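Enquirer: Residue numbers (the working numbering): 27 to 139.
Below is the structure I would like to discuss, written out as structure tokens.
See below:
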């Protein structure tokens, strides 16, 4: 079960945070196949099967679940994406927290900080 999702600004990566024990933070890539030029896009999308994929990268999201995510463009590199996850704080009535993550993509894969 996913608690929240967001795409990177380029739309090529999807970030998700799960509701499992480790609050799995995952990076998903290659979400939509490219439509061949000789086929109508609408017809192509209607024929796509449902796919089950494994994430390209995953790590623990921390100790507190996130309820919303938002991605931001970065000026450092086109292969770097930043996103923030909002959560409700560690204790009831304590406040709200924003966690910031940076995802760097390379030929070797993805790295989260």
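Here a beta-carbon is modelled for each residue, glycine too, at the ideal position from N, C-alpha and C.
All values reported here derive from a predicted model rather than from experimental measurement.
Use the C-beta contact count for residue 64: other C-beta atoms within 10 angstroms, 16 or more gives buried, fewer gives exposed.
Expert: exposed
Enquirer: Could you please give me the residues that DSSP links to residue 125 through a beta bridge?
Expert: 111
Enquirer: Do the CB positions of residue 40 and residue 32 come within less than 9 Å of each other?
Expert: yes
Enquirer: Ignore the nearest five residues each way along the sequence and tell me which others in residue 67's own chain have a CB closer than 6 Å to its CB.
Expert: The answer, listed in chain order, is 61.
Enquirer: Considering just the uninterrupted stretch of the alpha helix (DSSP H) at residue 53, what are its terminal residues?
Expert: Run containing residue 53: none in the alpha helix (DSSP H); it sits in the beta strand (DSSP E), 50-55.
Enquirer: Straight-line CA distance for residue 107 to residue 136?
Expert: 10 Å
Enquirer: For residue 80, which residues does DSSP report across the bridge?
Expert: Looking at the DSSP assignment, residue 80 forms no beta bridge with any residue, so it has no partner.
Enquirer: Once DSSP output is grouped into helix, strand and coil, what is the label at residue 25?
Expert: The structure shown does not extend to residue 25, since the chain spans only 27 to 139, so no value can be given for it.
Enquirer: Out of 126, 93, 127 and 104, which has the shortest C-alpha to C-alpha gap to residue 113?
Expert: 93
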